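Everything below concerns the one structure shown next.
2 protein chains.
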Amino acid sequence: MERDVFFVSDRTGITAETLGLSLLTQFNGIKFVKHTRRFVNSLEKAREVGEEITRLAREKGRPPIVFSTLIDEDMRRALATADGVFFDLVDTFIVPLEGALDQKSSHTIGRARESLDQSKYNLRMDAVNYALITDDGLHTQDYNRADVIILGVSRSGKTPSCLYLALTFGVYAANYPLTEEDLEDLRLPSALVGHRHLLYGLTISPQRLHHVRSERKADSPYASLRRCQYEIAQAEALYRREGIPYIDTTTMSVEEIATTILHQMKLAWRLA
Amino acid sequence: MERDVFFVSDRTGITAETLGLSLLTQFNGIKFVKHTRRFVNSLEKAREVGEEITRLAREKGRPPIVFSTLIDEDMRRALATADGVFFDLVDTFIVPLEGALDQKSSHTIGRARESLDQSKYNLRMDAVNYALITDDGLHTQDYNRADVIILGVSRSGKTPSCLYLALTFGVYAANYPLTEEDLEDLRLPSALVGHRHLLYGLTISPQRLHHVRSERKADSPYASLRRCQYEIAQAEALYRREGIPYIDTTTMSVEEIATTILHQMKLAWRLA
Numbered sequence: 001m002e003r004d005v006f007f008v009s010d011r012t013g014i015t016a017e018t019l020g021l022s023l024l025t026q027f028n029g030i031k032f033v034k035h036t037r038r039f040v041n042s043l044e045k046a047r048e049v050g051e052e053i054t055r056l057a058r059e060k061g062r063p064p065i066v067f068s069t070l071i072d073e074d075m076r077r078a079l080a081t082a083d084g085v086f087f088d089l090v091d092t093f094i095v096p097l098e099g100a101l102d103q104k105s106s107h108t109i110g111r112a113r114e115s116l117d118q119s120k121y122n123l124r125m126d127a128v129n130y131a132l133i134t135d136d137g138l139h140t141q142d143y144n145r146a147d148v149i150i151l152g153v154s155r156s157g158k159t160p161s162c163l164y165l166a167l168t169f170g171v172y173a174a175n176y177p178l179t180e181e182d183l184e185d186l187r188l189p190s191a192l193v194g195h196r197h198l199l200y201g202l203t204i205s206p207q208r209l210h211h212v213r214s215e216r217k218a219d220s221p222y223a224s225l226r227r228c229q230y231e232i233a234q235a236e237a238l239y240r241r242e243g244i245p246y247i248d249t250t251t252m253s254v255e256e257i258a259t260t261i262l263h264q265m266k267l268a269w270r271l272a
Numbered sequence: 001m002e003r004d005v006f007f008v009s010d011r012t013g014i015t016a017e018t019l020g021l022s023l024l025t026q027f028n029g030i031k032f033v034k035h036t037r038r039f040v041n042s043l044e045k046a047r048e049v050g051e052e053i054t055r056l057a058r059e060k061g062r063p064p065i066v067f068s069t070l071i072d073e074d075m076r077r078a079l080a081t082a083d084g085v086f087f088d089l090v091d092t093f094i095v096p097l098e099g100a101l102d103q104k105s106s107h108t109i110g111r112a113r114e115s116l117d118q119s120k121y122n123l124r125m126d127a128v129n130y131a132l133i134t135d136d137g138l139h140t141q142d143y144n145r146a147d148v149i150i151l152g153v154s155r156s157g158k159t160p161s162c163l164y165l166a167l168t169f170g171v172y173a174a175n176y177p178l179t180e181e182d183l184e185d186l187r188l189p190s191a192l193v194g195h196r197h198l199l200y201g202l203t204i205s206p207q208r209l210h211h212v213r214s215e216r217k218a219d220s221p222y223a224s225l226r227r228c229q230y231e232i233a234q235a236e237a238l239y240r241r242e243g244i245p246y247i248d249t250t251t252m253s254v255e256e257i258a259t260t261i262l263h264q265m266k267l268a269w270r271l272a
């Protein structure tokens, strides 16, 4: 079965998508067809989206689901009166929040934008630069500025995890690739010895690693299942021996890997 | 005035934070003290958070605001019965969604994780690699694989925007720094000529650029206000002359820059 879903926002649409998609994962066996409508910031645009929803409802004989974070009252009405099943993510909570906070809300479009905190922006940019500078074992002399140093074998997901931590949380995340020698010796590389409390390991199923590496270099020794099995076994042995916390990223998204590290390393303070 | 806010999730907490923070921006003049409690995935942990909320309510003489995306019924109850103002982001919408979809929800903790689509994960990783390979004008021979090529002067926000596009949307985003010569000649660099339809420009206020550059290299000619004014004026003249769409990133967050580019360049298809 198929069902159309609209995510409508006067800004980026990230909030509507994040909550909406998360709610829809609770329903199995339905194929949801996504329509994201970002920057719907005028009554005219809201009406257009409303008409699109009504048209689609007629064509498919089924009203689309609509998740909206529109704030302006007229624009919300233009959407709510269309032939969709309307979920108002803002209004549903704003009125009770006004009660709890004993204050009227500002009902301002794009408010979040105004309140953008420039110092946090700088912090994130610095963190991204740090992640890039220290990517893949580079500039280990800068590890004294790290919040966390992520370890793993080649293609275990280190770089995206570091970038996500930097972009989203402003965390200084370096990453260090375990080399063949490190894995053979089962010894902590010397660059890491003074920073043991910052280390966090990634692991992954050998099958999945084999698959990922094969997409790069098919039929190479580097991508062989045997090689992947050996490297993962050695990496995990090293983590255990050195008391380094680690996670299996095989079925995790980048968001989950990054927030798990944030949580376990208690790093959630920089952008708090 | 200060108010404590809890974001409680059995997973990453991203959904609870995204919607919760977005709702709170509608209320001015209140300092919100954030407490994010991620991976609350047992009744015991939920009870602990509940006790923390009740304790804080007593200490501060004011019930904290609680945004929850917990799914398990018992865990939600443990939280709902604490001394907070409880906003249940899941349950509020799940029941009407069950009606609209004519299906019971699975009420499963961590469902989103199971439904992780591995091909999308690979796509994102490939996009991140692409952004890294083509960062800062490198590997222009790979521009035939680009979805978008972001232009701008040094420190105008190109790299974080590309990384965000890659990590979040799986978009192949390269970036190219406009050099002194490009700006003096007001001519499109030759590497870009064949890719005009992929170009997107960033601009920024000279004052802000001056500030950002000064943090790197204080009192350098590179960071001088005069230099920043000149570069920005020339970059904007180049964009206009070549018909390149562009945005002023001065007061924008990375999310906003990235989604604006996605929207204007109609790129929202890769992870759709």
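Protein chains in written order, with the working numbering: chain B, 1 to 272; chain Z, 1 to 272. Ideal Cβ positions, reconstructed from N, Cα and C, are used throughout, including at glycine. Here the structure is a predicted model, which is why all the values come from computation and not from measurement.
task: Would you mind working out which of Phe-6(B), Gly-29(B), Gly-13(B), Tyr-222(B) sits nearest Lys-104(Z), comparing C-alpha positions?
output: Here residue 104(Z) refers to the residue found at position 104 of the second sequence. Lys-104(Z) has its Cα closest to that of Gly-29(B), out of Phe-6(B), Gly-29(B), Gly-13(B), Tyr-222(B).
- prompt: Is Val-153(Z) helix, strand or coil when you go by DSSP?
  reply: As a working mapping, residue 153(Z) is identified with position 153 in the second sequence. Coil, per DSSP.
task: Please decide whether Ile-95(Z) counts as near chain B, where near means a Cβ-Cβ distance under 7 Å.
output: Here the question's residue 95(Z) lines up with position 95 in the second sequence. One point to set straight first is that residue 95(Z) is Val, not Ile, in the sequence displayed. No, Val-95(Z) does not count as interfacial toward chain B.
- request: May I ask which residues mark the beginning and end of the alpha helix (DSSP H) holding Thr-259(Z)?
  value: By one-based count along the second sequence, residue 259(Z) stands at place 259. Start and end: 254-264.
- prompt: Looking at the unbroken beta strand (DSSP E) that takes in Pro-177(Z), where does it start and where does it end?
  reply: Locating residue 177(Z) in the second sequence gives position 177, where the first residue counts as 1. Where Pro-177(Z) is concerned, the enclosing beta strand (DSSP E) stretches over 173-177.
- request: Name the two residues that bound the continuous beta strand (DSSP E) containing Ser-161(Z).
  value: As a first step, residue 161(Z) is located in the second sequence; it is residue number 161 there, counting from the start. Not the beta strand (DSSP E): Ser-161(Z) falls in the alpha helix (DSSP H), residues 158-169.
- request: Over the uninterrupted beta strand (DSSP E) stretch that includes Val-85(Z), give me the two end residues.
  value: If you number the second sequence from 1, residue 85(Z) lands on position 85. 85-88 is the span of the beta strand (DSSP E), which, as asked, contains Val-85(Z).
- prompt: For Pro-221(Z), is the classification buried or exposed, using 16 other Cβ atoms within 10 angstroms of its Cβ as the cut-off for buried?
  reply: Along the second sequence, read from residue 1 onward, the residue named residue 221(Z) stands at position 221. Pro-221(Z) is exposed by the Cβ-count criterion.
query: If you draw a straight line from the C-alpha of Val-171(Z) to the C-alpha of Asp-135(B), how long is it?
result: Here residue 171(Z) refers to the residue found at position 171 when the second sequence is read from its first residue. Here residue 135(B) refers to the residue found at position 135 when the first sequence is read from its first residue. Rounded to whole angstroms, Val-171(Z) to Asp-135(B) spans 21 Å at the Cα level.
message: To be precise: take each residue of the region 17-42 of chain B, compare its Cβ to all Cβ atoms of chain Z, and keep it if any distance is under 7 Å. Which residues remain?
response: Thr-18, Leu-19, Ser-22, Leu-23, Thr-25, Gln-26, Phe-27, Asn-28, Ile-30, Lys-34, Thr-36, Arg-38, Phe-39
task: Count the other CB atoms, across all protein chains shown, that sit within 10 Å of the CB of Val-66(Z); report buried if there are 16 or more and exposed otherwise.
output: What you label residue 66(Z) is simply residue 66 of the second sequence in a count that begins at 1. The residue is buried, with at least 16 neighbouring Cβ atoms inside 10 Å.
- request: Assuming Thr-15(B) contacts Thr-69(B) (C-beta within less than 8 Å), just tell me the rounded distance between them.
  value: One-based indexing of the first sequence puts residue 15(B) at position 15. One-based indexing of the first sequence puts residue 69(B) at position 69. Rounded, the Cβ-Cβ distance is 5 Å, consistent with contact.
query: Hey, Gln-234(B) and Pro-206(B): beta-carbon distance below 7 Å or not?
result: Taking the first residue of the first sequence as 1, we reach residue 234(B) at position 234. Taking the first residue of the first sequence as 1, we reach residue 206(B) at position 206. No, Cβ-Cβ distance for Gln-234(B) and Pro-206(B) is not below 7 Å.
query: Does DSSP put Gly-201(Z) in a helix, in a strand, or in coil?
result: For the purposes of this step, residue 201(Z) is taken as the residue at position 201 of the second sequence. In the structure shown, Gly-201(Z) sits in a strand (DSSP, three-state: E or B).
task: Check each residue of the region 62-93 of chain B: if its Cβ is closer than 9 Å to any Cβ of chain Z, include it; give the result in chain order.
output: Pro-63, Ile-65, Phe-67, Thr-69, Ile-71, Val-85, Phe-87, Leu-89, Val-90, Thr-92, Phe-93
message: Excluding the 5 residues flanking Thr-92(B) on each side, which residues of the same chain have their C-beta closer than 7 Å to its C-beta?
response: As a first step, residue 92(B) must be located in the first sequence, where it is residue number 92. Excluding sequence neighbours, Thr-92(B) sits near nothing in its chain.
- prompt: What does Ala-173(B) reach in chain Z if we use C-beta pairs closer than 8 Å?
  reply: The residue you call residue 173(B) lines up with position 173 of the first sequence. By Cβ distance, chain Z contributes nothing, its closest Cβ being about 13 Å from Ala-173(B), past 8 Å.
task: Using 10 angstroms around the beta-carbon of Val-247(Z), count the other beta-carbons present and answer buried if the total reaches 16, otherwise exposed.
output: Mapped onto the second sequence, residue 247(Z) falls at position 247. Looking at the sequence shown, residue 247(Z) is not Val but Ile. With 16 or more Cβ atoms within 10 Å of its Cβ, Ile-247(Z) is classed as buried.
- request: Could you round the C-beta distance between Leu-199(B) and Ile-244(B) to whole angstroms and report it? I think they count as a contact, below 8 Å.
  value: Indexing the first sequence from 1 puts residue 199(B) at position 199. Indexing the first sequence from 1 puts residue 244(B) at position 244. Yes, they are in contact, since the Cβ atoms of Leu-199(B) and Ile-244(B) sit about 5 Å apart, within 8 Å.
message: Against chain Z, does Ala-100(B) count as a neighbour if the rule is that its beta carbon must be under 7 Å from one of theirs?
response: If you number the first sequence from 1, residue 100(B) lands on position 100. Taking Cβ atoms only, chain Z reaches closer than 7 Å to Ala-100(B), which makes this a yes.
task: From the DSSP output, read off the bridge partner residues of Arg-37(B).
output: What you label residue 37(B) is simply residue 37 of the first sequence in a count that begins at 1. Bridge partners of Arg-37(B): Val-8(B).
field: Environment of Glu-114(Z) [buried if 16+ CB atoms lie within 10 Å]
entry: Counting from one through the second sequence, the residue named residue 114(Z) turns up at place 114. Any reading at Glu-114(Z) must be qualified, since the residue scores a pLDDT of 41, below 50, and its modelled position is unreliable; no value is offered.
- request: Check each candidate in Leu-23(Z), Ile-94(Z), Cys-162(Z), Asp-88(Z) and name the one with the smallest Cα separation from Val-254(Z).
  value: Working through the second sequence from its first residue, we reach residue 254(Z) at position 254. When only C-alpha atoms are compared, the closest one is Cys-162(Z).
task: Classify Asn-144(Z) as buried or exposed, calling it buried when 16 or more other Cβ atoms lie within 10 Å of its own Cβ.
output: On the second sequence, residue 144(Z) is found 144 positions in, with the first residue counted as 1. The residue is exposed, with fewer than 16 neighbouring Cβ atoms inside 10 Å.
Given Gly-157(Z) as reference, the closest of Tyr-121(B), Ala-131(B), Val-153(B) once Cα atoms are compared: Stepping through the second sequence from its first residue, residue 157(Z) is reached at position 157. Of the candidates Tyr-121(B), Ala-131(B), Val-153(B), the one whose C-alpha sits nearest the C-alpha of Gly-157(Z) is Tyr-121(B).
query: Among Leu-225(Z), Ala-173(Z), Val-193(Z), Glu-231(Z), which has the Cα closest to the Cα of Glu-181(Z)?
result: To locate residue 181(Z), count along the second sequence from 1; it is residue 181. If we check each option's Cα against that of Glu-181(Z), Glu-231(Z) comes out closest.
- request: Would you tell me roughly how many angstroms separate the C-alpha atoms of Gly-20(B) and Leu-178(B), rounded to the nearest one?
  value: To locate residue 20(B), count along the first sequence from 1; it is residue 20. To locate residue 178(B), count along the first sequence from 1; it is residue 178. Taking the straight line joining both Cα atoms gives about 39 Å.
task: Would you tell me roughly how many angstroms separate the C-alpha atoms of Arg-11(Z) and Ser-42(Z), rounded to the nearest one?
output: As a first step, residue 11(Z) is located in the second sequence; it is residue number 11 there, counting from the start. As a first step, residue 42(Z) is located in the second sequence; it is residue number 42 there, counting from the start. Cα to Cα, Arg-11(Z) sits roughly 11 Å from Ser-42(Z).
query: In chain B, which residues lie less than 8 Å from Val-128(Z) when you measure between Cβ atoms?
result: Stepping through the second sequence from its first residue, residue 128(Z) is reached at position 128. Near Val-128(Z) (Cβ distances below 8 Å), the residues of chain B are Thr-159, Pro-160, Leu-163.
field: Limits of the beta strand (DSSP E) - the one that Tyr-246(B) falls within
entry: Here residue 246(B) is taken as the residue at index 246 of the first sequence, counted from 1. Note, Tyr-246(B): beta strand (DSSP E), 246-248.
query: In chain order, what residues of the same chain have a beta carbon less than 6 Å from the beta carbon of Ala-131(B), not counting five sequence neighbours either side?
result: In the first sequence, residue 131(B) corresponds to position 131, counting from 1. Cys-162, Leu-163, Ala-166, Ala-173.
- prompt: Within 7 Å (strictly less), CB to CB, does Ile-244(B) reach chain Z?
  reply: Here residue 244(B) refers to the residue found at position 244 of the first sequence. It does not; no Cβ of chain Z falls within 7 Å.
message: Please report the distance separating the alpha-carbon of Ala-57(Z) from that of Leu-101(B).
response: The residue given as residue 57(Z) occupies position 57 in the second sequence. The residue given as residue 101(B) occupies position 101 in the first sequence. Taking the straight line joining both Cα atoms gives about 14 Å.
field: Burial state of Arg-213(Z), where buried means 16 or more other Cβ atoms lie within 10 Å
entry: Your numbering for residue 213(Z) matches position 213 in the second sequence. Buried, since its Cβ has 16 or more Cβ neighbours within 10 Å.
- prompt: Taking the DSSP output, what are the residues bridged to Val-66(B)?
  reply: Against the first sequence, residue 66(B) aligns to sequence position 66. Looking at the DSSP assignment, Val-66(B) forms a beta bridge with Phe-6(B), Phe-86(B).
- prompt: Is any beta-carbon of chain B found at less than 7 Å from that of Thr-15(Z)?
  reply: The residue labelled residue 15(Z) in the question sits at position 15 within the second sequence. Yes, Thr-15(Z) counts as interfacial toward chain B.
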